[in-house]
Amino acid sequence: MSSPSQPRTLMCPPDHYGIEYEINPWMNRSRGADAALASRQWRHFYDTLVGLGVRVELMPPQPGLPDLVFTANAGLIFHGMFLSSRFRHEVRARESPHFDEWFAGAGFRVEHLPEEMFHEGAGDALFCGDTLFAGYRTRSDATAHQWVGKFLGVRVLPLELVNPRFYHLDTCFCPLAPGVALYFPEAFDDYGRRVLHTHVPTLIAVAESEADRFGCNAVVVGTTVIHNSRCPKLATDLTHAGYRPIEVELDEFLKAGGSAKCLTLRLDGEEAAGWRYGPKPG
Amino acid sequence: MSAQHVEHVEMTGHIVDSLLLPKVLDAILSRGGRYHIETLRLGQRQDDPSFVRLEVRADAAEQLETILADIHPHGAVPAQSGDCGTVPADIAGAYPDGFYCSTNFRTQVKLAGDWVDVEGQEMDCGIVVDPTGTAARCVPMTAVKTGDHVLVGRQGTRVFPPEAEMRRHELFEFMASPVSSERPKAVSVREIAAAIRKTRAAGDKVLAVLGPAVVHTGGGELVAKMVRDGFINVLFAGNALATHDMEQAFYGTSLGVSLDQGLPTVEGHEHHLRTINRIRRIGGIRKSVETGRLTSGIMYECVLRDVPFVLAGSIRDDGPLPEVVTDMLAAQDAMRRLVPGVGFCLMVATTLHSIAVGNLLPAWVKVACVDISPATVTKLMDRGTTQTVGIVSDAEPFLRSLAAELERGGT
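Have a look at this one:
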């Protein structure tokens, strides 16, 4: 499957990245990130994407906002619109004005959810085909997802995230193409698994040891899948499914509960998003 | 009435494909709650959202809170959040414009964020919130005082539909059609006897509303025995029932007709007026019993056993007896005061009193209406007392069967 134009993604250099607070089970301030190593890992990942033909846009890093590096959580992209996140944690909510400014400057129509809702953007809402799969409970609200579904005029299927270690949907579910996705079954309950099996014809299960290394937090460019290192079974399964796996070492970011996908926000729509292949609405 | 804890929640969106609706329903059941789907609108196409409104019930407040807290993350949110609105009454004896008009169904109002049962539930009233803002009750138009906080609009109110009430009480479900002259009487009578026993066992009162035909047809002693045995605990009637009953006690006649022989007695037509006159000379029914001059009958048993009664007057009354309340509003109030605690109401052979009492009863008090004319029962139901089941029968044969059933079943 080929994308209609050059892939575009948003990243933020890790100049101010660090473990300064603990808002998920992965974070531990006594086990901080190595700034130099993190910077090297990020740079290598950046170079890999550029090498794949991705146009990487850069967001200016901000002191005091260590997680600004995880651009996936900025909001949700739909055609030329940026639906800004409503972060559950105040420490991350401070990122939103910066993202809003950047997207407005980049020509996107910036929209917001009602104030009383929580929604953490592409971290918890991923298109697979025409359906928006949405994770809720830990960070985003089911009602916020329903609101987004109505706002965008798309079907949204909220999935409860029952394992706090997989606190965002993009830590345990990764659409590869319409109808094809990676997932970690134990991050969902029976209802969630049934929904996924019903609505995603080809599901590739990721083993627990590799899900713990955030194997599901992968970036898809065409049929290439970039994921964290030391996920050999995942690499084999991707190859068998017709994808080209590329491993990158991003362990310094795993300390904050993030990996490849979290570090990027696809601006022209993910490969699996049905809308990027169709005409713009209206 | 057992205290049921209820909340309404709504869900909107793709709640079917995502299995959020079954998930919420399962969560309610697995935590010991119950649900009733009041509204379900399914999206027509894949992208269309669906909508559901659920009634969630639990036996205890904490249990309901737990259920609501559990289902909230799945998008099941309380259906209504605002308190009810009130307006101070600008004049006495009338509600402000836009007042909320009550039904006889169980109603709750939201006060300071909590759902509160409306007290004294009665149809065709307004609802007044007490000055502390913690309670609300039905208040008839004439009782409104200037400055009363009268409920206006529908915000912050909810009414529980009669089907739900029927399920709650599981009483009278045996009767599919409400009134028929062609139903086997024995079955109906047996069920009414069972309902009376159940009401008494639950510690609730049985209210009897009786017309004079009870005595004419020879059923007086049967009713007196029911009072004696504790199966009738409150009596509402008129001047005639009491007069005929005491005429029988004094003369053995009802409107001059011998109840033993069924024939008019000599000068019997005077018995009626002589009875009233006698009671008036003594100073009332109660005094007649206390002084040993009235020694049998329904009224005698009521006085003897402290069964409260209200005798409401009418424009055609002879006398009337001293206890008869001739101010209609005062009579309504006297009856209203005796309604709390009533669990079952037996109405026999009276149209006007049946409708008057039907107006005062909340819908969860089941009513058996016995009359020789089917129209009496249908009239009662047409005027909103829909919890009624009817038996088309003359008074005495019905009472005889009922007494036999009550005798057989014990207490």
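Chains H and Z, in that order, give the protein sequences.
Oh and the first sequence: position 266 is 266 in the UniProt record's numbering, straight run, nothing missing.
Oh and the second sequence: position 250 is 250 in the UniProt record's numbering, straight run, nothing missing.
Note that CB positions come from ideal geometry on N, CA and C, so glycine has one too.
Residue nearest to Z/Asn104 within the set Z/Gly297, Z/Val339 and Z/Arg293 is Z/Val339 (criterion: CA-CA distance). The residue from Z/Gly313, Z/Ile298 and Z/Ser314 with its alpha-carbon nearest to that of Z/Val307 is Z/Ile298.
According to the DSSP assignment, H/Tyr136 belongs to the beta strand (DSSP E) that extends over Thr131 to Tyr136. Secondary-structure assignment with DSSP links Z/Asp114 through a beta bridge to Z/Leu111. Put simply, of Z/Thr107, Z/Asp124 and Z/Met123 the residue whose alpha carbon is nearest the alpha carbon of Z/Val116 is Z/Thr107. When C-beta atoms of the segment 212–220 of chain Z are compared with those of the segment 238–245 of chain Z, three or more pairs fall below 8 angstroms, so the two segments count as touching. Residue environment: H/Pro63 is assigned as exposed (fewer than 16 neighbouring CB atoms within 10 Å of its CB, all protein chains considered).
Under the DSSP assignment, Z/Ala403 falls in the alpha helix (DSSP H) whose first and last residues are Ala395 to Gly409. In terms of beta-carbon proximity, Z/Asp47 lines the interface with chain H, with at least one pair separated by less than 8 angstroms. A check of alpha carbon separations from H/Leu49 across H/Asp237, H/Thr223, H/Phe253 and H/Gly242 identifies H/Thr223 as the nearest. The segment 33–44 of chain H makes no contact with the segment 88–100 of chain H: fewer than 3 CB pairs, one atom from each, lie closer than 8 angstroms.
Residues of the segment 66–87 of chain Z that bring their beta carbon within less than 8 angstroms of a beta carbon in chain H comprise Pro73, His74, Gly75 and Val77, in sequence order. In terms of beta-carbon proximity, Z/Thr39 stays away from the interface with chain H, with every pair separated by 8 angstroms or more. Per DSSP, reduced to three states, the secondary structure at H/Val69 is helical. Within the segment 14–42 of chain Z, the residues whose Cβ lies closer than 9 angstroms to any Cβ of chain H are, in chain order, His14, Ile15, Asp17, Ser18, Leu19, Leu20, Pro22, Lys23 and Asp26.
DSSP places H/Ile204 within a strand segment (E or B) once states are collapsed to three. Cβ neighbours of H/Gly269 within its own chain (closer than 7 angstroms, five residues either side excluded): Ile77, Trp275 and Arg276. Under the DSSP definition of a beta bridge, Z/Lys366 partners with Z/Phe344. Closer than 8 angstroms to the CB of H/Ala142 there is at least one CB belonging to chain Z. Listed in chain order, the beta strand (DSSP E) runs fully inside the segment 17–42 of chain H amount to none, counting runs of at least 3 residues. For Z/Lys205, DSSP records a beta bridge to Z/Val342. As for any beta strand (DSSP E) of minimum length 3 sitting wholly inside the segment 98–149 of chain H, the runs are 109–112, 125–128 and 131–136, ordered along the chain.
The C-beta of Z/Thr12 comes closer than 8 angstroms to at least one C-beta of chain H. Counting only Cβ-Cβ distances below 7 angstroms, H/Leu196 has no contacts in chain Z at all, with the closest Cβ about 10 angstroms away. Two segments are said to touch when three or more pairs of C-beta atoms, one from each, lie closer than 8 angstroms; by this definition the segment 272–281 of chain Z does not touch the segment 394–401 of chain Z. Comparing alpha-carbon positions, the option among H/Asp237, H/Phe166, H/Leu263 and H/Cys172 lying closest to H/Leu58 turns out to be H/Leu263. Using a C-beta cut-off of 8 angstroms, the segment 110–129 of chain H makes no contact with the segment 36–50 of chain Z, since fewer than three inter-stretch Cβ pairs fall below that distance. Here Z/Pro320 carries a coil assignment [DSSP, helix/strand/coil].
The distance from the Cβ of H/Asn228 to that of H/Leu254 is about 7 angstroms, consistent with a contact at the 8 angstroms cut-off. Sequence-distant Cβ neighbours of Z/Leu402 in its own chain, meaning closer than 7 angstroms and more than five residues away, are Val189, Ile192 and Ala193.
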